[in-house]
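Just so you know, the working numbering puts 226 at position 222 of the sequence shown, and the rest follows in order with no gaps.
The beta-carbon is built from N, C-alpha and C at its ideal position, and this holds for glycine as well.
Have a look at the structure below, then the notes.
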Amino acid sequence: MRTLGCLIKRLSQPQGPRVGHCTAEAQCRYVSHVKTFRIKGYPFEKVRAPKTEWYKRAEAAFLAERARVPQGLVGRWQPEDLSGLDPRITQALSLKCASGREVRRARTLILMKHLQKEPFDTGSAPVQLACVSEKILNLRAHLIRHPRDNCRKRAMAILLSRRHKLMKRLYNEDFGLYQHVCKILKLKCVLFSVPDSRNRAKAVNTIGVDGDICKFLIRQKLWWGRFRPRPIALPSGKKVAYTRHPMEPPPPDLNKPKTHKDELTPAWPYGVSPQRIAGNYVIYNPTAPGAGYCPVPILF
Numbered sequence: 005m006r007t008l009g010c011l012i013k014r015l016s017q018p019q020g021p022r023v024g025h026c027t028a029e030a031q032c033r034y035v036s037h038v039k040t041f042r043i044k045g046y047p048f049e050k051v052r053a054p055k056t057e058w059y060k061r062a063e064a065a066f067l068a069e070r071a072r073v074p075q076g077l078v079g080r081w082q083p084e085d086l087s088g089l090d091p092r093i094t095q096a097l098s099l100k101c102a103s104g105r106e107v108r109r110a111r112t113l114i115l116m117k118h119l120q121k122e123p124f125d126t127g128s129a130p131v132q133l134a135c136v137s138e139k140i141l142n143l144r145a146h147l148i149r150h151p152r153d154n155c156r157k158r159a160m161a162i163l164l165s166r167r168h169k170l171m172k173r174l175y176n177e178d179f180g181l182y183q184h185v186c187k188i189l190k191l192k193c194v195l196f197s198v199p200d201s202r203n204r205a206k207a208v209n210t211i212g213v214d215g216d217i218c219k220f221l222i223r224q225k226l227w228w229g230r231f232r233p234r235p236i237a238l239p240s241g242k243k244v245a246y247t248r249h250p251m252e253p254p255p256p257d258l259n260k261p262k263t264h265k266d267e268l269t270p271a272w273p274y275g276v277s278p279q280r281i282a283g284n285y286v287i288y289n290p291t292a293p294g295a296g297y298c299p300v301p302i303l304f
């Protein structure tokens, strides 16, 4: 009975608010404003740039050139080897009746024959450069017909990197031979800047070079953003933006020397020197082989 009385007495006494709870007088109702995102569509859609008429003609001319079958026999056969046989055998072994793989192999052998130092030379730099260039041309013709073959795109990137290394090596070893090979293979004679020493005293400070590279990349990114393809409206009213600019023909003065007017120097004697007007001044080649950036390791 004592326990029941204590309970009744405790319930009859006024109780204050408990921790973690609020009284009825302190309760209030708030209105919650939920943030909603209304998707009304993108302002424009990024699409691949269409091929221009000039680019289509250039691709057609390239494919027509690759479709020409060279004169000769399949493999390493020579006309003297088949002179005593039936003409029908010679006709069957000619490249006109050969498969595509045999024709590509014959083109490679013809280039190797022009650049070999000895009859069975297959590992010199000019021969390797010819083989890699022929593979690149074959892949280019394949990618024009099948532009979504991503495996061949990766193979193309690997071959381009390999050809770049071979050209740089041949340029550093024999510049005359490098010019001859570029003329035969119809490549642009690129002038590389190759460092000639790994001496720490002659090497450029790596920290400064890294800073210059960072500045160049930042400027390149700003340039790409400033001159990016702008959104355009199609005849249907849809807005699109090309991922890249459409390919246009290069200007006629590309890679050709341009005339520059004489500029007045801001230093004394505030004019153009007579030697420069007469043309007696030195033009330095910035791509000449010499001391340049070389990633020097920490420990030699």
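About 14 Å separates the Cβ atoms of Leu97 and Leu113, ruling out a contact at the 8 Å cut-off. With 16 or more other CB atoms across the displayed protein chains lying within 10 angstroms of its CB, Arg167 is buried.
DSSP places Ser103 in the coil class of the three-state scheme, outside both helix and strand. Val131 and Met116 do touch by the CB rule: their CB atoms are close to 5 Å apart, below 8 Å. Contact annotation: the segment 171–178 does not touch the segment 221–232, with fewer than three C-beta pairs closer than 8 Å. By the C-beta criterion, the segment 60–79 is judged not to be in contact with the segment 255–272, since fewer than 3 inter-stretch pairs fall below 8 Å. The C-beta distance from Val244 to Pro235 rounds to 7 Å, short enough to fall under 8 Å. Note: Ala237 is bridge-paired with Lys243 in the DSSP secondary-structure output.
The criterion of a C-beta distance shorter than 7 Å is not satisfied by Ile140 and Glu63. When only Cα atoms are considered, Leu191 and Gly241 end up about 44 Å apart. Judged by DSSP secondary structure, Glu63 falls within the alpha helix (DSSP H) whose first and last residues are 57–71. Relative to the Cα of Pro253, the nearest Cα in the group Pro123, Lys55, Ala134 belongs to Lys55. Val276 counts as exposed, since fewer than 16 other C-beta atoms from the protein chains shown sit within 10 angstroms of its C-beta. Contact check for Ala110 against Gly76 passes: the beta carbons are separated by less than 7 Å. Scanning its chain for C-beta atoms nearer than 6 Å, with the 5 sequence neighbours on each side dropped, one finds around Glu106 the residues Val78, in chain order.
Taking a C-beta distance under 7 Å as the contact criterion, Thr247 and Lys50 qualify as a contact pair. Comparing C-alpha distances from Trp81 to each of Ala65, Arg61, Ala102 shows the shortest one belongs to Ala102. Cβ-Cβ separation between His146 and Arg158: approximately 13 Å, too far for a contact (criterion under 8 Å).
Around Leu170, the same chain offers Ala129, Gln132, Leu133, Val136 as residues with beta carbons nearer than 8 Å, after the five sequence neighbours per side are excluded. For Ser165, the secondary structure class from DSSP, reduced to helix, strand or coil, is helix. According to DSSP, Glu49 shares a beta bridge with Val244. For Asn259, no alpha helix (DSSP H) segment is defined, and its DSSP state is neither H nor E.
A direct Cα-to-Cα measurement between Pro255 and Ala161 gives close to 27 Å.
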